[in-house]
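Protein chains in written order, with this note's numbering: chain H, 1235 to 1947; chain W, 206 to 407. Backbone N, C-alpha and C fix where the C-beta goes; we use that ideal spot for every residue, glycine too. Let me begin by presenting the structure, written as structure tokens, before commenting on it.
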């Protein structure tokens, strides 16, 4: 009998404890707007597995949750940054949120200035930030359009030889374009590369630095660095689809799949873009018909809190076609392949991290022979391999150090330009770089760095930099000096080309690296909803490599290279942003640029002296649904074309011409509709609103775009 | 017997007249001609009537003068440039020349001799890549047209557009042939491998 009672008691106790373990709890609460204190409806509150949306009074309630660690996150429109609250659930709990709408994005993290993460408002290197939400609200469908909207003074002409980009008279050779901190190989003339290979939909943010950054990034970071940072997969499952139709029968279609399962995350996206181009008939602006195909695969594995490894692969193919009645027998096809493998180890104390990376970027250029069944010919290749080992140390709370070793190799195979029967050439360089960031009295920030390079062609280069930042109340003063360099590329060194007996081009293996000396000073002021920065810079580039002509003994024309010229760039950049009535965001940028070729006294080709970008965005609501309506544009003073020519008999003539002033505007309407985990977004855009035309502007006039984007997160 | 003879005579006459028509039809057939004009410095002299290249000459004063004195060629080609036996390209008053149609007119549309003015050759100057000026006696007709922007600058890499249909007059001034250039680069991309269609117009 006693035994029976004991057994029953034990059973009851066990049963009760089991029941206690499977008891379900509820999390409920209210979400209000931080500024207005008003409730926000439609916010999705989720634990990852379970969730619920706030009602019209801002209340939410998630039932049926088991006891355990909870990460409760808000999911709402991108202008309201997520808030996550962590706690242990052991009873019915009330959790309230105060969501703050962020338009100025001053707390966003940037990385380019220091190779370590810093908040935009605290980074010692002045950085311009373009966020994914701004890219969407601007209806940007190409990287070039995004840059033109945000960086004043960009001159570009799109042709089948890549984007011919110039900023302040400096072409792509002096700008360093990076994707997640890694270089892309230059494809065409003057360091041109086709920026359409970057899928804008996969970009989290674009960080733009003006001026020299060779200490951290090496060659080419003379005029500026533009770093495209990819999006990370955040959700357990995310699916996306996008379709877009614009004038000139332009189609952009994209599919995306991603998954973040804590330890293992993956992302796959593919896009297919095409356009009929314009101007096939007649003498007006002309852009060729094209077909693009691209994809991105990302796989990452987190072994534990310390060690992770990730692999990223990119593919891009671009084919341009001749006008339908042309007598050309071939058209170009180019392909890009990129593979990036990164392994990261962070110490337990988080004071030190080690990053080993390998990046390989490959470009292939073909001619498709239309009368030979579309056979591929030519097969020119350009490669860039980069191996890097970086160690970041937090020596003290106010003292950080980054240093590393880097090996780079560029190689080219050309069927005609490096020698008659096809030839390959390569250049190696070995680097050690170090940069340290020291904060003094919570007011001063000193950044000092240097890079030592040993290049297989021009031997040694040493590039130091020094930056200071002084913060006082709402002001930040930043100043810096730095040395930069641009190593001569394979074409400038090894060119050996006979153009059908009409002219010859020869490289020069004795070329030295170009040297830049950069100095800048800026003041930034932030107060509540207003931010303005004014910066002045001086950039002097010596030993600039130029092409010159000689007539040889058989009266033939030869082009050669030498380090002969120097250019001095001086200018002022002003950037401001202001939020009115919590709904209207005004952004304006102005640049004054004086870019002089010191040997001739003339302005560098295609420099623009005064340029502005302006945008006004209304973030409004219709029936509780947010939308954005943006009106933006860019304006330039005339694009200058100044050239000095020396005739065969020695007479010097100066040729100065300029375009008309530019004024190009657009308007964009974007409306996202969120239903729990589903998001549908409609975009409408009218580009070149006032139909601006100029002979130097390759544009088909007023253009329209309709886009539809679906995502499940 | 007489009837048979009569019938046979009529038959013979009929056949004879038919064969005359055939000869005329031969001239009106379109012929495709290939010319290797890949050399930058050589003019290839062609005769429409004989349908062959009668010879070549280098781009210099001596050769130009020798050919200017001949009437056995109607036009010459060097890469995309054309020279007709007329105007400044002839020293013996040859009556060649070219008429250029509007680009909307196709080869089949042209059936009669055009009524407009025939263009004769002039001394045309152009700037070379070295900046020096070079002059050649040539026609304003070309094998291809380059796609240019509003400022007259060529789009690079070059986009070759189809030239309009031309009517060339022979050196003796008597016959007119319609000509349509159909190829400037061959299937391997070699520039100057020219093909054109020609047909006599009555």
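At least 7 Å separates the beta-carbon of residue 1262(H) from that of residue 1300(H). In the three-state reduction of the DSSP assignment, residue 1613(H) falls in the strand class.
Looking from the CA of residue 1411(H), the closest CA among 1547(H), 1402(H), 1690(H), 1456(H) belongs to 1456(H). In the three-state DSSP reduction, residue 1447(H) falls in the coil class, being neither helix nor strand. Under DSSP, residue 385(W) shares a beta bridge with 402(W). Within the region 274–322 of chain W, the complete beta strand (DSSP E) segments at least 3 residues long are 280–283, 286–289, 302–305, listed from N- to C-terminus. Looking at the DSSP output, residue 1602(H) bridges to 1565(H), 1610(H). Taking residue 295(W) as reference, the option from 287(W), 306(W), 276(W) with the minimal CA-CA separation is 276(W). Residue pairing for residue 248(W): DSSP places it in a beta bridge opposite 262(W). Looking at 270(W), 285(W), 280(W), 272(W), the one whose alpha-carbon comes closest to that of residue 363(W) is 285(W).
Counting along the chain, the unbroken alpha helix (DSSP H) around residue 1381(H) starts and ends at 1377–1384. In this structure, residue 1622(H) sits near residue 1591(H), with a CB-CB distance shorter than 7 Å. Contact note: residue 1734(H) reaches chain W through 245, 396, using a C-beta cutoff of 8 Å and chain order. Residues of chain W with a Cβ closer than 7 Å to the Cβ of residue 1606(H) are, in chain order, 392. The residue from 407(W), 400(W), 360(W) with its alpha-carbon nearest to that of residue 1517(H) is 360(W).
Measuring C-alpha to C-alpha distances from residue 287(W) to each of 307(W), 321(W), 350(W) identifies 350(W) as the nearest. Boundaries of the alpha helix (DSSP H) around residue 1368(H): 1366–1371. Bridge partners of residue 1758(H) according to DSSP: 1710(H), 1767(H). In the DSSP assignment, the residues bridged to residue 1634(H) are 1628(H), 1671(H).
Short of 6 Å from the beta carbon of residue 1945(H), and not among the five residues preceding or following it, lie these beta carbons of its own chain, in chain order: 1474, 1913. Interface with chain W (7 Å Cβ-Cβ cutoff): residue 1588(H) is excluded. DSSP places residue 1726(H) inside the alpha helix (DSSP H), whose first and last residues are 1724–1728. If you check the CB distance, residue 1649(H) and residue 1614(H) come in under 7 Å. The closest CA to that of residue 325(W), considering only 368(W), 310(W), 376(W), 355(W), is found on 376(W). Runs of the beta strand (DSSP E) lying entirely within the region 1256–1282 of chain H, each at least 3 residues long, are 1259–1267, 1278–1280 in chain order.
In this structure, the straight-line span from the alpha carbon of residue 1496(H) to that of residue 1334(H) is close to 27 Å. One finds 1556, 1557, 1560, 1562 in chain H with Cβ atoms closer than 7 Å to the Cβ of residue 364(W), taken in chain order.
Apart from the 5 residues on each side of it in sequence, residue 319(W) sits with its Cβ closer than 6 Å to the Cβ of 304, 372 in its chain, given in chain order. For residue 352(W), there is no enclosing beta strand (DSSP E), as DSSP marks it with neither H nor E. The Cβ atoms of residue 1544(H) and residue 1504(H) lie no closer than 7 Å to each other. Put simply, the CB of residue 241(W) is far from chain H, with every gap to its CB atoms at 7 Å or more. When rounded, the separation of the alpha-carbon atoms in residue 1507(H) and residue 1674(H) is 51 Å. CA-CA distance, residue 1434(H) to residue 1375(H), rounds to 7 Å. Residue state for residue 1454(H) is assigned as coil, using DSSP reduced to three classes.
Distance from the CA of residue 1669(H) to the CA of residue 1626(H), rounded to the nearest whole angstrom, comes to 10 Å. In this structure, residue 1620(H) lies away from residue 1360(H), with their beta-carbon atoms at least 7 Å apart.
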